[in-house]
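Chains as they are written, first to last, in our numbering: chain A, 215 to 630; chain B, 215 to 630. Below: the structure, in structure tokens.
Number of protein chains: 2
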Amino acid sequence: MIDIEQANETAVNRMMEARPILKGVATARDVIPGMRDNLLLHAGPPITWERASGPMRGAIVGALIFEGLAHDWESAEKLVTSGEIELEPCHEHNAVGPMAGVTSPSMKVYIIENVTHGNKAYSNLNEGYGKVLRYGAYSEDVITKLRWMNDEMGPVLADALATNEDGIDIRALLAEALHMGDEGHNRNKAGSFIFTSKLAPLIAQVTKNNDLAAKILKFLGDNALSVLNPVMAACKAMADAGHNIEGSTVVTTMARNGTDFGIRVSGLGNQWFTAPVETPQGLYFSGFTAEDASGDIGDSTITETAGIGGFAMAAAPAIVTFVSGTPQDALNATLEMYEITVAEHKYFTIPYLDFRGTPTGVDIRKVVELGIPPRINTGIAHKEAGVGQVGAGLVRPPMAIFEQALMAYAEKYLND
Amino acid sequence: MIDIEQANETAVNRMMEARPILKGVATARDVIPGMRDNLLLHAGPPITWERASGPMRGAIVGALIFEGLAHDWESAEKLVTSGEIELEPCHEHNAVGPMAGVTSPSMKVYIIENVTHGNKAYSNLNEGYGKVLRYGAYSEDVITKLRWMNDEMGPVLADALATNEDGIDIRALLAEALHMGDEGHNRNKAGSFIFTSKLAPLIAQVTKNNDLAAKILKFLGDNALSVLNPVMAACKAMADAGHNIEGSTVVTTMARNGTDFGIRVSGLGNQWFTAPVETPQGLYFSGFTAEDASGDIGDSTITETAGIGGFAMAAAPAIVTFVSGTPQDALNATLEMYEITVAEHKYFTIPYLDFRGTPTGVDIRKVVELGIPPRINTGIAHKEAGVGQVGAGLVRPPMAIFEQALMAYAEKYLND
């Protein structure tokens, strides 16, 4: 008989002992397993153009324009609906991307290596705020910025990281950032300042062009989400280390494509369990309301999967100015997550809870039994392509996917 | 009759409305009012060589070696005891310095301007950890590092800040850092990362020498106290803005020289009220104990004077790993300080206390009436010259100085 507790302990220990190091920056087609010239990766579980949300479609169009494969919406749509360009989840290629998460072959990506277990994970570069591809914007200024990031900043980041044999320890960075008011998903302010400070001497060392070095450092330092993408890839590397443990009921993927929320479970291989996404509740930027909100979108829920983000909100009371609620709500969010997880993190701790480890490793059994789905912090995209971010808030996955997963688990393990 | 409440409101409002901007870096003799070639500034109230503590003497010796005026302890001592070199408090020259605070004419200093009221304040550059002048070390490596800071880093910082007309808003930086787990005195980790991130593009812009730019950025980024000195000068500029308000009982200076703790009061001009310092209680570095501790030393209590530091410990629960105690103790420290202060800060807020303003403006009447002296976070120096930091902890000023000040106040204002 399967020892579920033992399997879960193994899974979550592997997640916690994974040590994700940022090793470099390279072009997606050169490093992401299975990447090919006619493939776009996207956030969440599998999706077709026909079922894709506004921001997902906008990001697909933008990525194809960026690649020089399309010149407008129609030509892009045709490439995808004809099957000439294929869509696959980032998660099926050891990658993750925030919001739409669209990653095309020419894009530069961060390379994270889990030096404990050897697996790697990838994520694209963060574009900052305003009209950005990941929120479904695809106008010329969006593409121009992406090209600058890819052609100017990307090679400098690659050179800078190449000078640094040890890489940047993202688990250590996160542990520090959680003591500095970050929760690692929607609030990555401290982490981004640490990241910029660690990159600064490397960038200054390798760049002969003063203007470019200054521009890159300003771009990184002014963006409180600079570190989000390497953090997500680090969480992916940690979660993947806990995946495929026979008999484990621990969730190793939570991801949304704007249409469906999908999870995968350690002991259930690569099967997705999906259901329609909820719409986040939160605070909207001036001029926008809940009417404008897209459904929940993005791979950034990999942070909650790894024990941070919404699960670590008690570490980040100032986030309530951004996602709504009070510091007490933030504390309660973390306390509730202890109910549905199997461990307290060894390395991610919360000073205000007397340095208690963050709740880590969602157990599908507990979610279903207690009727408590995970809590997620998230950005909110406009429901139409081309607009961008309209707010930030809180959301939960649909209960149905945990119930489906539990049934699949019963079928696989308990019907012998 | 004096309206004390009104006077205190004026004093503390001026402190809070002061907006200290880091405007530049220059040589002390060129910018600090009253600086002269035979003058050393030091922390705390006035002190003579004869009464000076070990770390203060060590720092004086080191500064005179740095200036090329002495070559060893004996020659330095002779210069000071003969009166050839004079000692005056930093505080009497619009300046502040951490620990021994010794600032000599050739040293580079940060220039802070309070753009609300126009007054300026100054502080030297932070040396980082280990054997450093401010803790009384004066060996060759200490002097070599000071020379590098002064001759290599200082001019780059000066050039970098000169490119940036707006300067760096230290009040805004502190407000942000208090939401990131800093209290601004003993924990300046977030602030130092913000500071490094803001300086990085400026430094990259002005430095043609890649190695030097990289070395400076690494020096700043690796030092979680990089921003302490500009923060202290900013607090000095804020506190000075509240000084000399007729009838005010608000404390505008708290400073220690290792022998005496001195305060000055807004309505009592430039008179010092002093008494022997206490010895901090805290955590010691490996190999050291309370036996090794110097008496309380440094101008860094300007942070508590301005409403941060020990007064804002509730914002910085992770500091207890450094100064001892529990997160609840940190919370209690802040709550207690509301008892003896006249305002809640408008710009410095504590997320965990539902964004309540930090307790600001110590009222000597409340201190004496309630028998509650201010709480201070501090580094602990070795009592002998030449050793350096041995720990960090908590301390309070002697009650006697508040009683003296209150008597002086009564004499000045209530005997008419």
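Where a beta carbon is used, it is the ideal one built from N, C-alpha and C, also for glycine.
Where in the stretch 334–383 of chain A do unbroken runs of the alpha helix (DSSP H), each at least 4 residues long, occur, reported from the N-terminal end onward? Listed in chain order, the complete alpha helix (DSSP H) runs (minimum 4 residues) inside the stretch 334–383 of chain A are 354–362 and 368–376.
Tell me whether T515 (chain B) sits in a helix, a strand or coil according to DSSP, three-state version. In this structure, T515 (chain B) counts as coil in the three-state DSSP scheme.
According to DSSP, T488 (chain B) sits in a beta bridge with which residue or residues? Under the DSSP definition of a beta bridge, T488 (chain B) partners with B:G476.
Test: Y324 (chain B) CB closer than 8 Å to a CB of chain A: Chain A, which has no Cβ nearer than 8 Å to the Cβ of Y324 (chain B), makes this no.
Between B:T555, B:E300 and B:N222, which lies nearest to G248 (chain B) when the distance is taken from Cα to Cα? Among B:T555, B:E300 and B:N222, the Cα nearest to that of G248 (chain B) is on B:E300.
Could you give the DSSP three-state label for D577 (chain B): helix, strand or coil? D577 (chain B) falls in the strand class under three-state DSSP.
Per DSSP, what are the beta-bridge partners of L253 (chain B) in this structure? Partner(s): B:E300.
Judging by CA-CA distance, which residue of A:K429, A:V465, A:S440 and A:C449 is the nearest neighbour of A386 (chain A)? Nearest C-alpha to A386 (chain A) among A:K429, A:V465, A:S440 and A:C449: A:C449.
In angstroms, rounded to a whole number, what distance separates the CA positions of T473 (chain A) and M313 (chain A)? Each residue's alpha carbon lies about 12 Å from the other.
Ordered along the chain, which non-local residues of its own chain (more than five positions away) have a Cβ less than 7 Å from that of S440 (chain B)? N340, S406, F409, T410 and L434, listed in sequence order.
Do you know whose CA, among A:G571, A:T493 and A:N546, lies nearest G605 (chain A)'s CA? Of the candidates A:G571, A:T493 and A:N546, the one whose C-alpha sits nearest the C-alpha of G605 (chain A) is A:T493.
Just grab the DSSP bridge partners of Q495 (chain B) for me. When DSSP reads this structure, Q495 (chain B) sits in a beta bridge with B:L608.
Would you say K432 (chain B) faces chain A, with C-beta separation under 8 Å as the test? Yes, because at least one Cβ of chain A sits closer than 8 Å to the Cβ of K432 (chain B).
At 4 residues or longer, what runs of the alpha helix (DSSP H) sit wholly inside the stretch 411–482 of chain A? For the stretch 411–482 of chain A, whole alpha helix (DSSP H) runs of length 4 or above, ordered along the chain, are 424–435 and 442–455.
Between the CA atoms of I554 (chain A) and E231 (chain A) - distance to the nearest angstrom: Distance between the alpha carbons of E231 (chain A) and I554 (chain A): 20 Å.
Contacts around F562 (chain B), its chain only, beta-carbon distance under 7 Å, and the 5 residues preceding and following it disregarded: Taken in chain order, the residues that qualify are L388, A389, L392, G521, I522, A526, G571 and T572.
Let me confirm a value: H457 (chain A) is counted as buried when at least 16 other C-beta atoms fall within 10 Å, else exposed. Which label applies? Residue environment for H457 (chain A): buried (at least 16 other C-beta atoms within 10 angstroms of its C-beta).
Helix, strand or coil for A595 (chain A)? Go by DSSP, reduced to three states. When secondary structure is reduced to three states using DSSP, A595 (chain A) falls in the strand class.
If you measure between the beta carbons of M229 (chain A) and T517 (chain A), is that distance less than 8 Å? Taking C-beta atoms as the reference points, M229 (chain A) and T517 (chain A) fail to come closer than 8 Å.
Host beta strand (DSSP E) of L236 (chain A) (start-end): L236 (chain A): member of the beta strand (DSSP E) spanning P234 to T241, first to last residue.
In chain B, which residues lie less than 7 Å from D251 (chain A) when you measure between Cβ atoms? Under the 7 Å cutoff, chain B gives no residues; its nearest Cβ is about 36 Å from D251 (chain A).
Give the secondary structure of T572 (chain B) by DSSP, where H, G and I count as helix, E and B as strand, and everything else as coil. T572 (chain B) sits in a strand when the DSSP states are folded into three classes.
Among A:A547, A:K412, A:F499 and A:L253, whose alpha-carbon lies nearest the alpha-carbon of C304 (chain A)? Scanning A:A547, A:K412, A:F499 and A:L253 for the CA closest to the CA of C304 (chain A) turns up A:L253.
Where does V245 (chain B) fall in DSSP's three states? When secondary structure is reduced to three states using DSSP, V245 (chain B) falls in the helix class.
Output needed for R348 (chain B): all residues of its chain with C-beta closer than 6 Å, excluding positions within five of it in sequence on either side, in chain order. Hits under 6 Å: P312, M313 and A314.
I want to verify the contact list: residues of chain A whose CB lies under 7 Å from the CB of D568 (chain B), in sequence order. Identification of chain A residues near D568 (chain B) by a Cβ-Cβ cut-off of 7 Å yields T540 and P541, ordered along the chain.
Are the beta-carbon atoms of N222 (chain B) and V479 (chain B) separated by less than 8 Å? Contact: no.
Using a Cβ-Cβ cut-off of 8 Å, state whether Q419 (chain B) counts as contacting chain A. Taking Cβ atoms only, chain A reaches closer than 8 Å to Q419 (chain B), which makes this a yes.
Measure the CB-CB distance between T519 (chain A) and V465 (chain A) and report whether it falls below 8 Å. Yes, the Cβ-Cβ distance between T519 (chain A) and V465 (chain A) is below 8 Å.
For L584 (chain A), which residues in the same chain have their Cβ closer than 7 Å to its Cβ, ignoring the five residues on either side in sequence? The residues are E553 and I554.
Quick one: is T488 (chain B) buried, meaning 16 or more other Cβ sit within 10 Å of its Cβ, or exposed? The residue is buried, with at least 16 neighbouring Cβ atoms inside 10 Å.
Cβ-based contacts, 8 Å cut-off: residues of the stretch 337–350 of chain B near chain A: The residues in question: there are none.
Report the rounded CA-to-CA distance for S289 (chain B) versus I274 (chain B), giving the unit in angstroms. Note on geometry: alpha-carbon atoms of S289 (chain B) and I274 (chain B) lie some 11 Å from one another.
In chain B, which residues lie less than 8 Å from N424 (chain A) when you measure between Cβ atoms? Those within 8 Å of N424 (chain A) in chain B are A418, Q419, V420, T421 and K422.
Host alpha helix (DSSP H) of T555 (chain B) (start-end): Segment T555 to I564 is the beta strand (DSSP E) holding T555 (chain B); no alpha helix (DSSP H) there.
Hey, quick one: how far does the alpha helix (DSSP H) through N546 (chain A) stretch, first residue to last? Per DSSP, N546 (chain A) is one residue of the alpha helix (DSSP H) stretching across P541 to M551.
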